[in-house]
Every structure is written in C-alpha cells, then in structure tokens.
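So the structure is just underneath, and the comments pick up after that.
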Amino acid sequence: MNRANQPAVFLDRDGTINEDLHYLHEPEKLILCPGAGEGLQMLGQAGYALIVVTNQSGVGRGYFPLEAVHAVNERLSEILKPWDVEILAYYIAPEKPDAPSFGRKPKPDFLFQARDRFGLSLKDSFIIGDKRVDLETGWNAGLRESILVRTGKGRREEERDPSLAKRAHICDNLGQAARYILSLGSGA
Ligand SMILES: [Mg+2]
Numbered sequence: 000m001n002r003a004n005q006p007a008v009f010l011d012r013d014g015t016i017n018e019d020l021h022y023l024h025e026p027e028k029l030i031l032c033p034g035a036g037e038g039l040q041m042l043g044q045a046g047y048a049l050i051v052v053t054n055q056s057g058v059g060r061g062y063f064p065l066e067a068v069h070a071v072n073e074r075l076s077e078i079l080k081p082w083d084v085e086i087l088a089y090y091i092a093p094e095k096p097d098a099p100s101f102g103r104k105p106k107p108d109f110l111f112q113a114r115d116r117f118g119l120s121l122k123d124s125f126i127i128g129d130k131r132v133d134l135e136t137g138w139n140a141g142l143r144e145s146i147l148v149r150t151g152k153g154r155r156e157e158e159r160d161p162s163l164a165k166r167a168h169i170c171d172n173l174g175q176a177a178r179y180i181l182s183l184g185s186g187a
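Numbering that gives the first Met the number 0 puts the first residue of the sequence shown at 0, with every later residue one more than the last.
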C-alpha cells in the first residue's frame, strides 16, 4: 500500500527486528527477535509503511563491506515473507560514528527523505528501536512517538537511563510495540 500522508513505522534493525549478534554481517546467522514477525504483520495490515533505518558502522570500520549489509537486509525480507510483511525501504548509514554522515541516527534526515519519497505523515508515524539513538531520531524527526524495545540492547539502555521512560514508551519486544501502536488508534 502506498498513499499520500500514510503513517509509517520506522524500525531499527539489529536488536529490534533481528537478534543483535555483534556486527552481524552473515545472512545465514539472522534470527528474528521474539514477536517480530507477528508485530510487523499487524502493523503492515493496519496500513503502516514499514521502513528500516540502520546504522552500520561496521562498514566504515572496515569490518565488512556494504554488500554484506544488503545481503542481510535481503535475507531479512525473505525471512519475513511467511508473515506477508513488506519492508518498503532500507536506509543504511555505513559511516563510523565520528565520520560525516547524511543520515546516521540520531540524525532524522533519512526519515525526511522517506517522507518525501513515499508521501508519509511523520506526525502520525513511530520509530521502534533498542537504543537511545533510535528514540532520539524519532524525537528529532517530530514523530508521534518513539518506542524502546527491551530486546537487543534495550533493557541495558533502560537500566542505564531510567528517565527514558518519561519520554519514550517501553515495550518488551516488537510484537508488544505493535499492539501498543494499534491500541492508540487512528493515524493508520
Ligand atoms: Mg539496534
């Protein structure tokens, strides 16, 4: 589905959709987080555009080539097919943290680019991630809400900074995050 002013759910990849295996770059090692397939299916069926925004500094650090990121993304789309989930686009920031970058999170620029490309309504959109930087990206882009999941690094992030709960909604996993979004109603 693709229509003007469609709401989106922007998704971090590692630790949110799939298990965070330190600098994952081998497609065959990809494993979904609990609830990820069902959660994405619910969001897609509710009319949300599903867009992955991923920082992949392993490329900039020279650990693996950009092609490996594409290969993992393709594998992810493949694994999600039984749920009829379509990832509309993957946005990748391959730079090291200290290198100049167009869209490395928490910069909101990939979200603006996706808005212009697909006609999205950011104020009706969400971001789900397992790190503070994902939440900040949503705040910087003016999204409706940023959601932290406790998969991946999420639980550690929550413990490190309990004040995150004041501004972000916190869920156990992507499935629970999807149910939360749908419980809010409207927007999609
Ligand atoms: Mg992550």
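Where is the CB? At the ideal position from N, CA and C, for every residue including glycine. Source: prediction; values computed, not measured.
Here Pro6 is buried. Its C-beta has 16 or more other C-beta atoms within 10 Å. For Tyr179, the uninterrupted alpha helix (DSSP H) segment begins and ends at Leu173 to Leu183. Distance from the CA of Gly174 to the CA of Gly128, rounded to the nearest whole angstrom, comes to 12 Å. By the C-beta density criterion, Asp97 is exposed, having fewer than 16 other C-beta atoms within 10 angstroms. In the structure shown, Thr136 falls within a helical segment according to DSSP collapsed to helix, strand and coil.
Relative to ligand 1, Thr15 has its C-beta within less than 7 Å of a heavy atom. By a beta-carbon distance limit of 8 Å, Val52 does not contact Phe111. Their separation comes to about 11 Å. For Ala88, the enclosing beta strand (DSSP E) covers residues Ala88 to Ala92. Here Ile16 carries a coil assignment [DSSP, helix/strand/coil].
With a cutoff of 8 Å on beta-carbon distance, Ile146 and Tyr179 are scored as near each other. Contact between the segment 72-90 and the segment 27-45 is present: three or more C-beta pairs spanning the two stretches fall below 8 Å. Note on geometry: alpha-carbon atoms of Gly36 and Asn72 lie some 15 Å from one another. In this structure, Thr15 keeps its C-beta atom at 8 Å or more from the C-beta atom of Thr136. Boundaries of the alpha helix (DSSP H) around Val71: Leu65 to Ile78. The residue among Asp115, Gly153 and Ala70 with its C-alpha nearest the C-alpha of Ile91 is Ala70.
By the neighbour-count definition (other C-beta atoms within 10 Å, threshold 16), Gly61 is an exposed residue. In the structure shown, the three-state DSSP call for Ala98 is coil. Assignment of Leu39 by DSSP, reduced to helix, strand and coil, places it in the helix class. Excluding sequence positions up to five before and after Gln55, its CB lies within less than 7 Å of the CB of Val68, Ile91, Ala92 and Pro93, all in the same chain and listed in chain order. Glu144 has Phe125 as its beta-bridge partners, per DSSP.
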